[in-house]
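Note sheet for the following structure.
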Amino acid sequence: MRQASLLFLVRRLVQVVPVVLAIAAVNFFLLRMAPGDVADILAGQMGHATLEFTQQLRREFGLDQPVYMQFFYYIGKLLTLDLGRSHLQQAPVIDLILDRLPATVILMLTSILIAIAVGIVLGVAAARREGRLADTLVSVTALVVYATPAFWLGLMLIVLFSIQLDLLPSGGMYQIGAGRTGLAHALDVAKHLVLPSVTLGLFYVAIYTRLMRASMLEVYGLEFITTARAKGLSETTIAWTHALRNALLPVVTLAGVQFGHLLGGSILVETVFAWPGLGRLVFDALLQRDLNLLLGILFVSSVVVVFANLAVDLIYGLLDPRIVHK
Amino acid sequence: MNGLALFWRRYRRNRGAVAGAATLALVVVAALVGPLLYPVDPFDMVGRPSQPPFGRFPLGTDVAGRDVLAGILNGARISLVIGILASLAATLLGVLVGAIAGYYGGRIDDMLMRVTEFFLTIPSFVLAVVVVAIFQPTVMTVTCAIAIVSWPSVARLARGEFIAQRDREYVKGCRAIGMPDWEIILLQIMPNALPPVIVVSSLMVATAILTESGLSFLGLGDPNLVSWGYMIGVARTVLRTAWWMAAIPGAMILVTVLAINLVGEGLNDALNPKLRRR
Amino acid sequence: MKASTIFTMAAAALIAAAPLAGAGAQAPKKGGTLTYTYQPEPTAISTLATTAVPVALISTKIYDGLLEYAGPGLDPKPGLAESWTVSPDNLSYSFKLRQGVKWHDGKPLTSADVKFSIETLALNYHSRGKTYFGNVTAIETPDDRSVVVKLKAPVPYFLKAFQPSETPIMPKHAFSEQEIAEKKVRQAKVMQEPVGTGPFKMKEWKKGSHIILERNADYWKPGLPYLDQVVLRVLPDGAARAIAVEKGEVDLAPMTALPPAEIQRLGKLPSLVSSQAGSEGLGPIMWLETNLREKPLADLAVRQAISLAIDRDKLVDVIWYGMGKPARGPIVSGNPNHFNAALPKLEYNPAKANKLLDDAGYKRGPDGVRFKLPQNFLPYGEEWVRQAEYIKQELGKIGIQADIESLDMGGWLKKVFTDWTYQITSDFHHNYVDPTIGVQRAFLSTNIQKGATFNNSMGYVNPKLDELLQKAAATPDGPERKKLWDDAQKIMQDDLPVIYLIEIGYTHIWNKRVKGLITNGISMYSNWDSVWLE
């Protein structure tokens, strides 16, 4: 079993490489279709610049080469895992990404954890009380949250908790210049994390709740639950052990998908909450034609998605021994 | 007729779906006749900026002194039109790809699914942002961008349906009498594969409206048209002093999307009685 | 060398001390952290990488210019150069460097650094380098403390070139031979980890979050700076920036760093000060650029009608929340030395605009539209979109359908300056301290050049104006030059090659505890060495 898994893993990894490269290639040519380049942007930032000045910038950045040359150069470097330099930020792309990655990861993980934990609890609770008031309440709330634009929810949470009640900070990741370290710093970050992670997580809470509820109801209909009941096991034990394990499968799949989507959702939430993560960097890089940076972020993000899917497949195997990797 | 009656009887059983349909009808009516009954140009500076609701203007004015109610009514049109068009386009494309992949299988299936997978690997909202920013925001580009990021899920679903149907007896029969492939796909299998697709694409209208609002909020909407997301974006700068200016269009999005989702569930109950509430 | 002018240290020092020691002013306090916010985050810490506002804001605290400046018109006073002389023919400038100035890494500043900063850096890498130093024939360094710059023709604004944002003095030893030879100066490490001579030095840069500058204990002005730290806090969201300023988490939001709506609201709070003073040396102005190659726009009557259709007072009040005033020509009225005060105000009169168009034969169609005129806008933020929407409404009323096209910066620059395919677009220029630097670039016919930026995109040619501008560029500042510029402004107002909109004021908002911020016409691009906190 273990060896089969390992083989499967290796094979999947080999399959991943062309996919990731294809993504990089498509991104490369898609982004070249944007009007104007980083030399224009830089020249624009500097106020009046002559044509010679702009051309000098293009030469400096290698943008005077034919596009296919630029492409081969880019892919060549990519194969050695070199993401190139950001011409606008004057720094290696990888440094810029690593600078921002922790913030995004903290935000993502927190919101996924919130979503999964709350979603499972609510979903199971609702399924156990199918058709009763609690079930209806949970289902209706989930529906409403599911229909709420996340960025708008964020704004409304700011209005309520930052402006009206003055309980939580409205933006940023920590109070700058306060010089906090250790636990005090962690607490400060946690405080700043509450609103953005709740905003980002709530939408998925709705999804997980509905999914979990449906999945539990399905499992409840299966034979082995009836057997367990006949054995006299308590309802709570049945719900949290037997049923849950089986009902969890779709949740795992979704978590993998969500991981990939979070970068998209975080563009909006990071904008609303001034969270210094990758989502915001994507948007800025796009508007400033900082193509190397943009390509780098998209590359990293697609790698993350691919690996998240891989992880899902593996976890799937652990949860459900019936699945054999072909 | 009998089919419709059956459909309605099943649909009616879901009370939420009935409420959703009623709400959606209200929004549609507002979008259709609202701007005619309340003929104020949503871009005209008609009063002092940032007036609260229930004063001289029923829903107040925005940061540039423009009538918020006029914006809401005109915005309903844009949100619905983009939502429906994008969903239709995504459905057409998705069904086409899914049908071909599912019906023919093999190499073609492999290739098409690779492409689909590719689109699923790039975060969809990021892709939409990139496409709109590159081709500059107009109703057309926004609609296309949303369609481009939405079709893969339809394609997967349609593929599944076609795979399930392609070896059935009736399909084999059609082949035996020499019916061309396109006729089998369009006239024979399609009607059977369509119900779940209809449910998904009705729900997709809701997602499309959400995506459109997100794009407009980032300033990537058609600059000549008012949409709800645009109104939230405009209001954000005065969030501290005039929170209601952002609250109103956001609430409209919420209500509309909720209504569409409820209708989608009703459709699911009515069209796929076996798949109750997945 | 015969010296025509010698600036004595004593007199200059008096001028410098004057604004600080005003009647009733408290004695400055030492210590404390000044936190400011601006969006976007700087991309490098040197205006040689880019002169974008965020970069200029932070790098001017770290790098000194050769000179310092006083007053709105930027009168030069000693800086790194403790004195200077100008030859009678205005073709030779000799600077004497101050003794004992050290770089942040401890090495001494020498004349070689100054020569390098002008000749190798500013001239090649600064977008205005050629404007300032294009006439330089040689830079001599007879000893470690002397720099002599020779010109082939006089440059009336030459002494204004040495602002810290325009010609920062950078350490030669921080660049490798290779970086210079391969023109990869922008990739040098010092662009990210600056080594200057200024009052503050880099302590920490956490990208996407903040930059901390700390006091330079070895600063060449004894006892200064007063502040211990200057911190830039990066807050991408406008509302978040405003909240931070309101709560006192941030002390200063310079150069319209907040959304105008918030500036208007915060400006009324007792704890904050809001001011448009201190940017006279930049002279920001906004206009509608018109593509004169296109048929309706080539017609003066059409441009006059557009100008008449726009209510500039309303534009300032509603869209820009009172930040600025109606423009009358290409030079801002706050420029003390060059603005032509005799220019009439630009009228708002839609009826007259309609009549002009009627008389010129532009008939309204059945839908009330005379012709379509697609409109772009400078993608600098929300208000620019609001302004485009407002202009569309107003032009609609005189029968011009000005649908808006939304482009981001890359697309906009290409369409306006490279492709010339736009019709009208809002645009924004800095006059800078002298109109020959900031104004003539957009109106001189030789500046009709594809692929350059912020030049004469209109295709505007007026030989009479060309002559005046060229003459003014070679005439020393004084009544004769003022007359040339007065005449030029009259022509530019009559011809309307662009529709002047408003002199948009940079508004700075700061907490009352911050003192001594406004010192000259480039206050935010000054080094803040005598700013202090109560």
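For the record, the sequence lines run as chains A, B and C.
Numbering that gives the first Met the number 0 numbers the first residue of the first sequence as 0 and each following residue consecutively.
Numbering that gives the first Met the number 0 numbers the first residue of the second sequence as 0 and each following residue consecutively.
Numbering that gives the first Met the number 0 numbers the first residue of the third sequence as 0 and each following residue consecutively.
For every residue, glycine included, the Cβ atom is placed at its ideal position computed from N, Cα and C.
Quick caveat: nothing in here was measured; it's all calculated off a predicted structure.
Chain-ordered neighbours of residue 234/C on chain A, where CB pairs are closer than 7 angstroms: Near residue 234/C (Cβ distances below 7 angstroms), the residues of chain A are 170, 171 and 273.
When you compare the CB positions of residue 282/C and residue 430/C, do they come within less than 7 angstroms of one another, or not? Against a cut-off of 7 angstroms, the Cβ pair of residue 430/C and residue 282/C comes out as a contact.
Rounding to the nearest angstrom, what Cα-Cα distance links residue 130/A and residue 229/A in this structure? 23 angstroms
Does DSSP classify residue 42/B as helix, strand or coil? It is coil, neither helix nor strand.
If we cut at 7 angstroms on Cβ distances, does residue 11/B have a partner in chain A? no
Please list the terminal residues of the continuous alpha helix (DSSP H) segment that includes residue 15/B. 14–36
Using beta carbons (cut-off 7 angstroms, strictly below), is residue 249/B in contact with chain A? yes
Residues near residue 249/A in its chain [Cβ-Cβ closer than 7 angstroms; skip 5 each side]: 210 and 214
Residue 502/C - containing beta strand (DSSP E), residue span: 497–503
Sequence-distant residues of its chain with Cβ nearer than 6 angstroms to residue 65/A (five each side left out): none
Closest by CA to residue 441/C, which one among 47/A, 172/A and 95/A? 47/A
Name the residues in the segment 255–282 of chain C whose C-beta lies less than 8 angstroms from a C-beta of chain A; which are they? none
Rounded to whole angstroms, what is the Cα-Cα separation between residue 186/B and residue 192/B? 11 angstroms
Could you have a look at residue 201/C and say whether DSSP puts it in helix, strand or coil? strand
Identify the residues that DSSP records as bridge partners of residue 255/B: which are they? In DSSP, residue 255/B forms no bridge with anything.
Straight-line CA distance for residue 101/C to residue 219/C? 8 angstroms
Alpha carbons only, please: which of 522/C, 309/C, 69/C and 157/C is nearest the one belonging to residue 499/C? Looking at 522/C, 309/C, 69/C and 157/C, the one whose alpha-carbon comes closest to that of residue 499/C is 309/C.
Quick one: Cα of residue 479/C to Cα of residue 471/C, how far? 9 angstroms
Cβ-heavy atom distance, residue 210/B to the ligand SAM, below 6 angstroms: Looking at this structure, you won't find the ligand SAM or any other ligand, since it has none at all.
Mapping the DSSP letters down to three states, classify residue 323/C as helix, strand or coil. strand
Can you check the segment 160–235 of chain C for any alpha helix (DSSP H) of at least 4 residues that lies completely inside it and give the ranges in chain order? 176–180
Roughly how many whole angstroms lie between the Cα atoms of residue 57/C and residue 213/C? 12 angstroms
Is the Cβ of residue 118/B closer than 7 angstroms to any Cβ of chain F? Checking the listed chains, one finds no chain F in this structure; the protein chains it contains are A, B and C.
Strictly below 8 angstroms CB to CB, what residues from chain C border residue 63/B? 317, 318, 385, 388 and 389
Nearest residue (CA-CA) to residue 33/A, options 103/B, 197/B and 133/B: A check of alpha carbon separations from residue 33/A across 103/B, 197/B and 133/B identifies 133/B as the nearest.
If we define contact as Cβ-Cβ less than 7 angstroms, is residue 133/B a contact residue for chain A? yes
Could you check whether the Cβ of residue 301/A sits closer than 7 angstroms to any Cβ belonging to chain B? yes
To which residues of the same chain is residue 162/C closer than 7 angstroms at the C-beta, ignoring the five residues directly before and after it? So the list reads 64, 68, 521 and 524, once near-sequence residues are dropped.
With 7 angstroms set as the bound, which would you pick, yes or no: does the beta-carbon of residue 50/A sit closer than that to a beta-carbon of chain C? yes
Give me the Cα-Cα distance between residue 512/C and residue 505/C, rounded to the nearest whole angstrom. 21 angstroms
Closer than 8 angstroms by C-beta to residue 156/B: which residues in its own chain qualify, once you throw out the five before and the five after it? Chain order, please. 93, 97, 195, 196 and 199
Would you give the residue range spanned by the alpha helix (DSSP H) that residue 388/C belongs to? 381–396
Residue 258/A CB to nearest chain B CB: under 7 angstroms? no
Among all the DSSP beta bridges, which residues are the ones paired with residue 513/C? 532/C
What is the DSSP secondary structure of residue 91/C, reduced to helix, strand or coil? strand
Please report the distance separating the alpha-carbon of residue 165/A from that of residue 204/A. Distance between the alpha carbons of residue 165/A and residue 204/A is about 25 angstroms.
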